[in-house]
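Undergrad:
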Amino acid sequence: MRLAVVAGPPSAGKTAVVRQTIRSLRDRHRIAYLKIDVVRAFEDEEIAAEFGIPARKVCSGDLCPDHAGVMVMRDAIAWAGEEGADLLLVESAGLCLRCSPYTTQALGIVVLSAVSGTNTPLKMAAMLALADIAVVTRIDLVSQAEKEVFRERIREVNPDLDIVETNAVQGTGMRYLLRAIEDCPPITDPGTIVLRGAPPLGVCTVCIGKTEIGWQHHFGVVRRLEDADYLFRGD
Amino acid sequence: MDPSAVREITILPGRNRNGEPERFEAITIRPGDTISIVGPTGSGKSALINDIEVFARNDTATGRTVLVNGEYPPEEFVRDPAYKPVALITQNTRCLADLTVEEFLAMHVRSRKIEDESIVGRTIDLANEFTGEKIRSCARMTALSGGQTRSLLVADAVLVAAAPVLLLDEVENAGIFKERVIEVLRAGGKAVIFVTHDPLVSLLSARRIVMRDGAVERVIEPDGREIAALREALRLDGILHRMREQIRAGDLITGPVGA
Ligand SMILES: Nc1nc2c(ncn2[C@@H]2O[C@H](COP(=O)(O)OP(=O)(O)OP(=O)(O)O)[C@@H](O)[C@H]2O)c(=O)[nH]1
Ligand SMILES: [Mg+2]
Ligand SMILES: [Zn+2]
Ligand SMILES: [Zn+2]
Numbered sequence: 256m257r258l259a260v261v262a263g264p265p266s267a268g269k270t271a272v273v274r275q276t277i278r279s280l281r282d283r284h285r286i287a288y289l290k291i292d293v294v295r296a297f298e299d300e301e302i303a304a305e306f307g308i309p310a311r312k313v314c315s316g317d318l319c320p321d322h323a324g325v326m327v328m329r330d331a332i333a334w335a336g337e338e339g340a341d342l343l344l345v346e347s348a349g350l351c352l353r354c355s356p357y358t359t360q361a362l363g364i365v366v367l368s369a370v371s372g373t374n375t376p377l378k379m380a381a382m383l384a385l386a387d388i389a390v391v392t393r394i395d396l397v398s399q400a401e402k403e404v405f406r407e408r409i410r411e412v413n414p415d416l417d418i419v420e421t422n423a424v425q426g427t428g429m430r431y432l433l434r435a436i437e438d439c440p441p442i443t444d445p446g447t448i449v450l451r452g453a454p455p456l457g458v459c460t461v462c463i464g465k466t467e468i469g470w471q472h473h474f475g476v477v478r479r480l481e482d483a484d485y486l487f488r489g490d
Numbered sequence: 012m013d014p015s016a017v018r019e020i021t022i023l024p025g026r027n028r029n030g031e032p033e034r035f036e037a038i039t040i041r042p043g044d045t046i047s048i049v050g051p052t053g054s055g056k057s058a059l060i061n062d063i064e065v066f067a068r069n070d071t072a073t074g075r076t077v078l079v080n081g082e083y084p085p086e087e088f089v090r091d092p093a094y095k096p097v098a099l100i101t102q103n104t105r106c107l108a109d110l111t112v113e114e115f116l117a118m119h120v121r122s123r124k125i126e127d128e129s130i131v132g133r134t135i136d137l138a139n140e141f142t143g144e145k146i147r148s149c150a151r152m153t154a155l156s157g158g159q160t161r162s163l164l165v166a167d168a169v170l171v172a173a174a175p176v177l178l179l180d181e182v183e184n185a186g187i188f189k190e191r192v193i194e195v196l197r198a199g200g201k202a203v204i205f206v207t208h209d210p211l212v213s214l215l216s217a218r219r220i221v222m223r224d225g226a227v228e229r230v231i232e233p234d235g236r237e238i239a240a241l242r243e244a245l246r247l248d249g250i251l252h253r254m255r256e257q258i259r260a261g262d263l264i265t266g267p268v269g270a
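Sequence lines, in order, name chains A and B. Note that the numbering used here has the first sequence beginning at 256, numbered continuously upward. Note that the numbering used here has the second sequence beginning at 12, numbered continuously upward.
1. With three or more C-beta pairs closer than 8 angstroms as the rule, is the segment 71–90 of chain B touching the segment 140–153 of chain B?
2. Starting from the C-beta of residue 215/B, find all residues in its chain whose C-beta is less than 6 angstroms away, skip the five residues before and the five after it, and write them out in chain order.
3. Tell me, please, whether the CB atom of residue 110/B is closer than 9 angstroms to any CB atom in chain A?
4. Establish whether the CB of residue 422/A and some CB of chain B are separated by less than 9 angstroms.
5. If you measure from the CB of residue 232/B, is any heavy atom of ligand 6 nearer than 8 angstroms?
6. Please find out if some non-hydrogen atom of ligand 3 comes closer than 8 angstroms to the beta-carbon of residue 319/A.
7. Are the CB atoms of residue 367/A and residue 267/A within a distance shorter than 9 angstroms?
8. Please list, in chain order, the residues of the segment 86–100 of chain B that have any C-beta partner in chain A closer than 7 angstroms.
9. Would you say the beta carbon of residue 363/A is closer than 8 angstroms to some non-hydrogen atom of ligand 1?
10. Would you tell me roughly how many angstroms separate the C-alpha atoms of residue 18/B and residue 169/B, rounded to the nearest one?
11. Among 222/B, 36/B, 213/B and 115/B, which has the Cα closest to the Cα of residue 171/B?
12. Apart from the five residues on each side of it in sequence, which residues of its chain come closer than 6 angstroms, Cβ to Cβ, to residue 299/A?
13. Contact check, residue 118/B vs residue 404/A under 8 angstroms by CB: the rounded distance?
14. Going by CA-CA distance only, name the one from 374/A, 325/A and 395/A that's closest to residue 110/B.
15. Can you say whether residue 124/B is buried or exposed, counting buried as having 16 or more other CB atoms within 10 angstroms of its CB?
16. Using a Cβ-Cβ distance under 9 angstroms, would residue 266/A count as near chain B?
17. Taking the Cβ atom as the reference point for each residue, do residue 428/A and residue 365/A lie within a distance shorter than 9 angstroms?
18. Could you name the residues, in chain order, whose CB is less than 7 angstroms away from a heavy atom belonging to ligand 2?
19. Which of the three DSSP states is assigned to residue 368/A in this structure?
20. Using C-beta distances below 6 angstroms, list every residue in its chain close to residue 356/A, excluding the 5 sequence neighbours before and after it, in chain order.
21. Identify, in the order they occur along the chain, each residue of the same chain with its Cβ nearer than 8 angstroms to the Cβ of residue 411/A, setting aside the five sequence neighbours on each side.
22. Is residue 305/A close to chain B? Criterion is C-beta to C-beta, closer than 9 angstroms.
23. Give the range of the alpha helix (DSSP H) segment to which residue 244/B is assigned.
24. In chain B, which residues lie with their C-beta within 7 angstroms of the C-beta of residue 373/A?
25. Would a check of beta-carbon distances place residue 274/B closer than 9 angstroms to chain A?
26. What residues from chain B crowd round residue 378/A, counting only those whose CB sits closer than 7 angstroms?
27. Can you tell me which of the three DSSP states residue 163/B falls into?
28. At a CB-CB cut-off below 7 angstroms, which residues of chain A make contact with residue 118/B?
29. Quick one: which chain B residues come within Cβ less than 9 angstroms of residue 273/A?
30. Residue 426/A: buried (16+ other C-beta within 10 angstroms of its C-beta) or exposed?
31. When DSSP labels each residue in this structure, what does residue 483/A get in the three-state scheme?
32. With DSSP as the reference, label residue 144/B as helix, strand or coil.
33. Taking the alpha carbon of residue 296/A as the reference point, which residue from 315/A, 278/A and 308/A has its own alpha carbon closest?
34. For the segment 166–182 of chain B, list every residue whose C-beta sits within 8 angstroms of some C-beta in chain A, in sequence order.
35. Which residue comes first and which comes last in the beta strand (DSSP E) that contains residue 47/B?
36. Is it buried or exposed for residue 275/A, if we count other Cβ within 10 angstroms and need 16 for buried?
Here it is as C-alpha cells:
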C-alpha cells in the first residue's frame, strides 16, 4: 500500500487536491481516505458519498491534530488494508504550524494557497521543510509574476521542494502530483514507519489547564518574553 | 529548449459543454500575432486561455491539446517559470503580496537570476506608460489600484518574465491604456491574446476567436475589412478618454464633444 499525507493551512485547498487525486487515480487504484481535524470535519462523508470509497475521520480534541495523526496512523494503515486499499490519502488539519505530519515510507504533500500572502510560506516553515512536494492552489487567481514570487518564497524555506501549481477546482497541473504519488514507493513495513523530523517539545503549564496570565504563574519549559523569541521552546 | 525558440503554439480542438467536438482544425499562434477571444459571459473564454497557460494535454475540462512547435512541450516549459513561454495576466485586479512594488519586482528578478539591476526601475517606468495613476516604487502591492496592478503585471511580463506569448484576461476593465499596451507588445514581437468585451481591443487584433457554449465557434480574420469601424472606435475612445479626464478634473462638460 502507498501512503500520502496531505498537510496545509485551513482552507488551503487540501480537500480539493484530494478530490482531484481520487478522480484521476480511482480507475487504477483502490483508494481509502482519512481526515484528521480538531473539532469537526465533514470531508469523510462528502468523499464517501461522491466517490464511494472507504473514508473516515478522527477529531483530535485537545491534542495537537498532527500528534493525533501520528497516534492513529498505524491503525489507519491496518484499516485501509482491510478495506483492500492500495493507496491511503491522509488529510491533516494543518492548524499546528510547528508540527509537520509527514512520515517515512510516505509521500509528504503540502498544500498552500497562492492568494494567502507572501509571508505564509515563512510562517509554516515546519510543514514545508519536511515535505516532498508542494501543491500551490488558486493559481487561477494570480498572474505570472505573483506565481513566481510565491514560488521564490517557498524555495527560501525549502530549496529542493518540487512545486506543482494547480487550479484545484478544475484539476489543471495535477498530472505532476499524480505522477509523484504513483512513483512513491509503497510501504515496506508499517511497523518501522516513523515521523519525519522531531516534533517540537511544547508542553507547558497552560497545556495542563493553568489559566493565569504571566510567566510568574507557570513552570516547566518556559522562558520570559524578553529572553526568548520563542516562549515555549524545548531546550 | 530555450523559450525564445518558440516558433508557434498550436491549439487542437476539444469538446463543447455538450461533449460535441469543436469545429476547427487547429489555431496557430506565432510571434507578433494579436488575437482577441470574444463571446458572451460564461462561453469559455477564460478556459481557452487557461488551456494555453497550462499546455493542456487533453487533461482539462475542455479536452483541448496545446502544442509548442508542433510537439508536446518539454516538462520545463510547463513547470519551470524560467522556460515557460507564456505569461497570463488574470482578471484579478488585486495583488496580495505583502511587499512594496520594489521588493516584489526585486524578488521576481532574483528568482529569475537576472543580473541587470536597472530592470526594476525600467519595469516601473514601463508600467507608468500603461496607467495614468503613477506607481511609486515604495507603494505596497496591496494598495495599488486595479489599473496600477494590471499595468505593473503587464510590464513585468514584458521585461522580467520576458515571455514571448502574453495572455491578458479582460485587461480593459482595469482602466489601462490598452492601445499603448498593444503598441509595446507589437514592437517587442510578442504574441498577445486578449480575452475581451471591448470593441476597440477586438478591432485592434488581427484575429478574433468567437466562443460559444464552451467551444470555439469561429475564427475571424477581418483582413482590413473593419478599417472604417476601427477608425470610428478610435475616435469614440478618444472622446471618452477626454471626458474621463475632464470629469476626473472636476470640470463640467458643456462644450461640443465630438471634435
Ligand atoms: N478558485 C479556486 N478555488 C479553490 C482552489 N482550491 C480550492 N478552492 C476552493 O477553496 C475552498 C476551500 O478548499 P478546501 O479544499 O475545502 O480546503 P481545505 O484545505 O481542505 O480546508 P480544511 O480542510 O477545512 O482546512 C473551496 O471552496 C474550494 O472550492 C483553486 O485552486 N482555485
Ligand atoms: Mg479539507
Ligand atoms: Zn503540533
Ligand atoms: Zn502549553
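All C-beta atoms in this analysis are idealised placements derived from N, C-alpha and C, irrespective of residue type, glycine included. As the structure is a prediction and not an experimental result, all values here were calculated from the model.
TA: Let me lay it out:
1. Because the criterion of three Cβ pairs below 8 angstroms is not met, the segment 140–153 of chain B and the segment 71–90 of chain B do not touch.
2. Taking the first residue of the second sequence as 1, we reach residue 215/B at position 204. Excluding sequence neighbours, residue 215/B sits near 193.
3. Taking the second sequence and counting its residues from 1, the one referred to as residue 110/B is at position 99. So yes, residue 110/B belongs to the interface.
4. Position 167 of the first sequence holds residue 422/A. Chain B, which has a Cβ nearer than 9 angstroms to the Cβ of residue 422/A, makes this yes.
5. Inclusion of ligand 6 in the displayed structure is not the case, the ligand content consisting of ligand 1, ligand 2, ligand 3 and ligand 4 alone.
6. Your numbering for residue 319/A matches position 64 in the first sequence. Under cutoff, so the answer is yes.
7. Position 12 of the first sequence holds residue 267/A. Position 112 of the first sequence holds residue 367/A. Cβ distance < 9 angstroms, so residue 267/A and residue 367/A count as in contact.
8. 90, 92, 98, 99 and 100
9. Along the first sequence, read from residue 1 onward, the residue named residue 363/A stands at position 108. False, no ligand heavy atom lies under 8 angstroms from that Cβ.
10. As a first step, residue 18/B is located in the second sequence; it is residue number 7 there, counting from the start. As a first step, residue 169/B is located in the second sequence; it is residue number 158 there, counting from the start. Approximately 18 angstroms, taken between the alpha carbons.
11. As a first step, residue 171/B must be located in the second sequence, where it is residue number 160. Among 222/B, 36/B, 213/B and 115/B, the Cα nearest to that of residue 171/B belongs to 115/B.
12. On the first sequence, position 44 is the one that residue 299/A refers to. Closer than 6 angstroms at the Cβ level, and outside the excluded window around residue 299/A, lie 290, 310, 311 and 312.
13. Stepping through the second sequence from its first residue, residue 118/B is reached at position 107. Stepping through the first sequence from its first residue, residue 404/A is reached at position 149. The pair is a contact, with the Cβ atoms about 5 angstroms apart (cut-off 8 angstroms).
14. Here residue 110/B corresponds to residue number 99 of the second sequence, with the count starting at 1. Residue 110/B has its Cα closest to that of 374/A, out of 374/A, 325/A and 395/A.
15. Locating residue 124/B in the second sequence gives position 113, counting from the first residue. Label assigned to residue 124/B: exposed.
16. Translated into the one-based positions of the first sequence, residue 266/A becomes position 11. Chain B, which has no Cβ nearer than 9 angstroms to the Cβ of residue 266/A, makes this no.
17. Taking the first residue of the first sequence as 1, we reach residue 428/A at position 173. Taking the first residue of the first sequence as 1, we reach residue 365/A at position 110. Taking 9 angstroms as the Cβ cut-off, residue 428/A and residue 365/A do not qualify as a contacting pair.
18. 269/A, 270/A, 290/A, 298/A and 346/A
19. As a position in the first sequence, residue 368/A is number 113, starting the count at 1. Reduced to three states, the DSSP call for residue 368/A is strand.
20. Residue mapping note: residue 356/A aligns to position 101 of the first sequence, counting from 1. The residues are 260, 262, 321, 324 and 347.
21. Taking the first residue of the first sequence as 1, we reach residue 411/A at position 156. Correct list, in chain order: 376 and 377.
22. Position 50 of the first sequence, counted from the start, is the residue given in the question as residue 305/A. No, its Cβ sits nowhere closer than 9 angstroms to a Cβ of chain B.
23. Counting from 1 along the second sequence, the entry for residue 244/B is found at position 233. That run of the alpha helix (DSSP H) goes 238–259.
24. Reading the first sequence from its first residue, position 118 is the one you call residue 373/A. Going along chain B in sequence order, the residues near residue 373/A (Cβ under 7 angstroms) are 108, 109 and 110.
25. The requested residue 274/B is not part of the displayed model; chain B covers only 12 to 270.
26. In the first sequence, residue 378/A corresponds to position 123, counting from 1. What residue 378/A touches in chain B: nothing, since even the nearest Cβ is about 11 angstroms away.
27. By 1-based counting over the second sequence, the position of residue 163/B is 152. Helix.
28. For this step, residue 118/B is matched to residue 107 along the second sequence. Chain A residues near residue 118/B: 404 and 407.
29. Position 18 of the first sequence, counted from the first residue, corresponds to residue 273/A. Under the 9 angstroms cutoff, chain B gives no residues; its nearest Cβ is about 18 angstroms from residue 273/A.
30. Looking up residue 426/A in the first sequence gives position 171. Counting Cβ neighbours within 10 Å, residue 426/A comes out buried, since at least 16 surround it.
31. For the purposes of this step, residue 483/A is identified with residue 228 of the first sequence, where counting begins at 1. Confidence is the limiting factor: at residue 483/A the pLDDT is only 48, short of 50, which leaves the residue's position unreliable and the question unanswerable from this model.
32. Indexing the second sequence from 1 puts residue 144/B at position 133. It is coil, neither helix nor strand.
33. Here residue 296/A is taken as the residue at index 41 of the first sequence, counted from 1. The option with the nearest alpha carbon to residue 296/A is 315/A.
34. 167, 168, 171, 172 and 174
35. Within the second sequence, residue 47/B is the residue found at index 36, counting from 1. 45–49 is the span of the beta strand (DSSP E), which, as asked, contains residue 47/B.
36. Stepping through the first sequence from its first residue, residue 275/A is reached at position 20. Taking a 10 Å sphere around the C-beta of residue 275/A, we find 16 or more other C-beta atoms and assign the residue as buried.
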